[in-house]
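Enquirer: Quick one: the structure is below, and I'll ask about it shortly.
There are 2 protein chains.
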Amino acid sequence: RAGLRPLSTDLSVAKLGESDVHVRMLAAPINPADINMIQGTYAILSELPAVGGNEGVGQVVEVGSRVTSVKPGDWVVPADTGLGTWRTEAVFPEETLLQVPSDIPLLCAATLSVNPCTAYRMLADFETLRPGDSVIQNGANSGVGQAVIQIAKASGIRTINVVRDRPDLPKLVERLMSLGADHVITEEMLRKPDMKDLFKSIPKPRLALNCVGGKSTTEMLRHLQPKGTVVTYGGMAKQPVMVPVSAFIFKDVKLRGFWMTQWKKDQMHSKLSLCELVRKGQLTAPACTEVPLEDYRTALEASIKPFTSSKQILVL
Amino acid sequence: RAGLRPLSTDLSVAKLGESDVHVRMLAAPINPADINMIQGTYAILSELPAVGGNEGVGQVVEVGSRVTSVKPGDWVVPADTGLGTWRTEAVFPEETLLQVPSDIPLLCAATLSVNPCTAYRMLADFETLRPGDSVIQNGANSGVGQAVIQIAKASGIRTINVVRDRPDLPKLVERLMSLGADHVITEEMLRKPDMKDLFKSIPKPRLALNCVGGKSTTEMLRHLQPKGTVVTYGGMAKQPVMVPVSAFIFKDVKLRGFWMTQWKKDQMHSKLSLCELVRKGQLTAPACTEVPLEDYRTALEASIKPFTSSKQILVL
């Protein structure tokens, strides 16, 4: 927040209470929302001083006498936002942790509870999609975007993936195609009349996933089926979502939002079926750059650079 | 549409077929959507030449031998958009008409099937409102707006009514209050911090009804309860609806649209319960100016003037 600079510091590890779990952190990503929390622009702000990071995986070292849900050696992830995962070890109350299988790759476990859960819920909760149906999304190379591609692929749902034009576009297209993307197009292509040709081979989407805002959303909306839904889960362009009145009245489109943090407060089921996809090789971690904790400044800087297609992940 | 001018002309009345109904029109309003159809900006355009008008009430003169749903003397209204009600008489297929009770005032019957039905459905279909709950709407002096005020009042739902500032504001406020409005405020007041005081005596709305678009919608949205719904049914400002990304993500607001024409294609129930409200004196026709058919040009011109609070209704 204004006037504050993140720093690396030594904190003492709290004494283990009877309902506490001593965790050694293994890996923790830097997500856009973590940066927004530091900038003070997020809807939830931790009391300062605070430890950054809302996601990650740790291994249980020791448990208090009344702890029943986890045992030493288990892998755990945060049950909720605000745990502060960018640290090497800590003592957490049992209820702030959820056990995850330890037979999935470390980077998958570290990045499972925010981006893939968001992707999974957005694909499941707003429209009933069947194999052969299509989904359109912008910011398709984001962590969520990559998970959408893979989860949709595993369900037989086709994806139209919108990305910004960039110098190494063919490389990005190739990477997203290798994850299972059906179409990868730029924002510019999205505006062109040739889009009609694309819809000769794929049905118009009933669901659009938006993490950009501004014109990008309006353009995606134009290709949506009547009665389709746009779900907004981010606003990278820092511009409001703009919707022509006619889309509401004559096309009956629905605009909704999704926030994983709020969803988690209600329930927490999707992670287990995601672990199934990981085990089957249908869901991998997003492209990650592993960074040792001491190089956290480099990682934070890299995480806010434009066109970053790789998630910075602190290895602890 | 471009290059076309509406004109008054004599049409021959078609021969009565066995499934037809000969109707003498009694009254037909000029609604904003009728003007849009003439301008060519509506989603449904009649084949030209066409008779204008989509709403109105007529009296059955004669019926074909196979007609069962209506008999001579009955009052009828169009079942669907596009009937062409701005005429003195016509022969219509039976299925294009719906019978309405003839014991309600003529102007109510003539204006029942578009505006009050829109108001009724929007109050019923998007949020479950209970007595004591509140609704906010802009364009509150429109035909729909006036019906919203009265139907909400009859259901114990409180209304916050937004209108544009104008020379005769106190008169408009008084008229809307007399219909049952709880609060009438201008767009300017909506933006001011004093709105907080208003919400000391009335709960924040869970439903916002929008027929304006642009900034007006964004301002209403700010006062909506979390998880509330904005329903767009018009766009008088000719500007898109703009929604901050944070409203979708952190406030979980839903944006929807409503179009009576589409709804009618699916089902048609609400008119009967509206007749009940009319009989009980809880729903009156909007402020109307009765105009003889030969003065249709004056009526059309009056209907597109700014700040027109009176619906032009052709008396046939």
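Listed in order, the protein sequences are those of chains R and S.
If you count by the working numbering, then the first sequence holds residues 111 to 426, one letter each, in order.
If you count by the working numbering, then the second sequence holds residues 111 to 426, one letter each, in order.
Built from N, CA and C at the ideal position, the CB exists for glycine as well.
Between which residues of its own chain and valine 341 of chain R is the CB-CB distance below 6 Å, once the five residues before and five after are set aside?
Expert: Once the five neighbours on either side are set aside, the close Cβ partners of valine 341 of chain R are Met232, Phe236, Leu319, Arg366 and Phe368.
Enquirer: Among the residues of its own chain, which have a CB less than 7 Å from the CB of serine 129 of chain S, if the five just before and after it don't count?
Expert: Around serine 129 of chain S: Gly174, Arg176, Val177, Pro203 and Glu204.
Enquirer: Should the region 183-190 of chain R be called in touch with the region 158-174 of chain R, which here means at least 3 C-beta pairs below 8 Å?
Expert: Short answer: they touch.
Enquirer: Could you give the residue range of the beta strand (DSSP E) that holds lysine 325 of chain R?
Expert: First-last for lysine 325 of chain R: 325-332, but that is the alpha helix (DSSP H), not the beta strand (DSSP E).
Enquirer: Does the Cβ-Cβ distance between methionine 370 of chain S and valine 210 of chain S come in under 7 Å?
Expert: Contact flag unset, no.
Enquirer: Looking at chain S, is there any beta carbon in it that lies within less than 7 Å of the beta carbon of aspartate 362 of chain R?
Expert: Closer than 7 Å to some Cβ of chain S, the Cβ of aspartate 362 of chain R qualifies, so yes.
Enquirer: Against chain S, which members of the region 300-322 of chain R pass a CB distance test of less than 7 Å?
Expert: So the list is empty, because no residue satisfies the distance condition.
Enquirer: Please list, in chain order, all residues of the same chain as alanine 291 of chain R whose beta carbon is under 6 Å from its beta carbon, the five residues on each side excluded.
Expert: Result list for alanine 291 of chain R: Ile259, Thr269 and Asn271, in chain order.
Enquirer: Count the other CB atoms within 10 Å of the CB of serine 490 of chain R; is the residue buried (16 or more) or exposed (fewer)?
Expert: No statement about residue 490 of chain R is possible, as the shown extent of chain R runs from 111 to 426 and does not include it.
Enquirer: Hey, could you find the ends of the alpha helix (DSSP H) glutamine 392 of chain R is sitting in?
Expert: Glutamine 392 of chain R -> no alpha helix (DSSP H), and no H or E assigned at all.
Enquirer: Does the Cβ-Cβ distance between lysine 421 of chain S and cysteine 385 of chain S come in under 7 Å?
Expert: Against a cut-off of 7 Å, the Cβ pair of cysteine 385 of chain S and lysine 421 of chain S comes out as no contact.
Enquirer: Any idea if isoleucine 414 of chain S is buried or exposed, counting beta-carbon neighbours within 10 angstroms, 16 or more meaning buried?
Expert: Isoleucine 414 of chain S should be labelled exposed.
Enquirer: What does threonine 221 of chain R reach in chain S if we use C-beta pairs closer than 8 Å?
Expert: By Cβ distance, chain S contributes nothing, its closest Cβ being about 20 Å from threonine 221 of chain R, past 8 Å.
Enquirer: In terms of alpha-carbon separation, which member of R:Asp275, R:Ser356 and R:Thr408 lies closest to leucine 300 of chain R?
Expert: Residue R:Asp275 is the option with its Cα nearest to leucine 300 of chain R.
Enquirer: Could you tell me the distance, in whole angstroms, from the CA atom of serine 212 of chain S to the CA atom of aspartate 184 of chain S?
Expert: The alpha-carbon atoms of serine 212 of chain S and aspartate 184 of chain S are separated by roughly 7 Å.
Enquirer: If you follow the alpha helix (DSSP H) that glycine 367 of chain S is in, where does it begin and where does it stop?
Expert: Unbroken run through glycine 367 of chain S is the beta strand (DSSP E), 364-367; no alpha helix (DSSP H).
Enquirer: Beta carbons nearer than 7 Å to chain R: which residues of the region 146-160 of chain S have them?
Expert: The region 146-160 of chain S vs chain R, Cβ under 7 Å: Ala153.
Enquirer: Would you give the residue range spanned by the beta strand (DSSP E) that valine 351 of chain S belongs to?
Expert: 349-353 is the span of the beta strand (DSSP E), which, as asked, contains valine 351 of chain S.
Enquirer: Could you tell me the alpha carbon to alpha carbon distance between cysteine 227 of chain S and alanine 264 of chain R, rounded to whole angstroms?
Expert: For cysteine 227 of chain S and alanine 264 of chain R, the distance between alpha carbons rounds to 45 Å.
Enquirer: Confirm, please, whether the CB-CB distance from isoleucine 267 of chain S to alanine 229 of chain S is below 7 Å.
Expert: No, the pair does not count as a contact, with Cβ atoms beyond the cut-off.
Enquirer: Quick one: what does DSSP say valine 258 of chain R is sitting in, helix, strand or coil?
Expert: Helix at valine 258 of chain R.
Enquirer: Give the single residue among R:Asp307, R:Val283 and R:Thr221 whose Cα lies nearest to the Cα of threonine 296 of chain R.
Expert: Nearest option by C-alpha distance: R:Val283.
Enquirer: Have a look at R:Val425, R:Cys218 and R:Ala409 and flag the residue whose alpha-carbon is nearest the alpha-carbon of isoleucine 145 of chain R.
Expert: Of the candidates R:Val425, R:Cys218 and R:Ala409, the one whose C-alpha sits nearest the C-alpha of isoleucine 145 of chain R is R:Ala409.
Enquirer: With contact counted as at least three CB pairs below 8 Å, one residue from each stretch, are the region 306-326 of chain S and the region 320-334 of chain R in contact?
Expert: They do not touch, by the three-pair rule.
Enquirer: Do valine 425 of chain S and alanine 137 of chain S have their C-beta atoms within less than 7 Å of each other?
Expert: Yes.
Enquirer: Suppose the cutoff is 7 Å on Cβ atoms and the five residues either side in sequence are ignored; what does the same chain contact list for valine 127 of chain S look like?
Expert: Checking the sequence, you will find glycine at residue 127 of chain S rather than valine. Hits under 7 Å: Gly174.
Enquirer: Taking 7 Å as the CB-CB limit, is threonine 342 of chain S close to chain R?
Expert: True, the Cβ-Cβ gap to chain R drops below 7 Å.
Enquirer: Which term fits lysine 390 of chain S, buried or exposed, when burial requires 16 or more other beta carbons within 10 angstroms of its beta carbon?
Expert: By the 10 Å Cβ count, lysine 390 of chain S comes out exposed.
Enquirer: So what's proline 226 of chain R in DSSP terms, helix, strand or just coil?
Expert: It is helical.
Enquirer: In three-state terms, what does DSSP make of tryptophan 185 of chain S?
Expert: Three-state DSSP puts tryptophan 185 of chain S in a strand.
Enquirer: Do you know whose CA, among S:Ala357, S:Ala257 and S:Leu207, lies nearest arginine 285 of chain S's CA?
Expert: Among S:Ala357, S:Ala257 and S:Leu207, the Cα nearest to that of arginine 285 of chain S is on S:Ala257.
Enquirer: Any beta carbon from chain R within less than 7 Å of isoleucine 359 of chain S's own beta carbon?
Expert: Closer than 7 Å: yes.
Enquirer: Taking Cβ positions, are glycine 324 of chain R and valine 355 of chain S nearer each other than 7 Å?
Expert: No, these two residues do not count as a Cβ contact at 7 Å.
Enquirer: Which same chain residues, not among the five before or five after leucine 179 of chain R, have their C-beta less than 7 Å away from its C-beta?
Expert: Here residue 179 of chain R turns out to be serine, not leucine, going by the sequence shown. Excluding sequence neighbours, serine 179 of chain R sits near Glu204 and Gln209.
Enquirer: Could you confirm whether any beta carbon from chain R is found closer than 7 Å to the beta carbon of leucine 208 of chain S?
Expert: False, the Cβ-Cβ gap to chain R never drops below 7 Å.
Enquirer: Could you work out which residue in R:Leu403, R:Ala412, R:Pro396 and R:Asp405 is closest to leucine 216 of chain R when comparing CA atoms only?
Expert: When only C-alpha atoms are compared, the closest one is R:Pro396.
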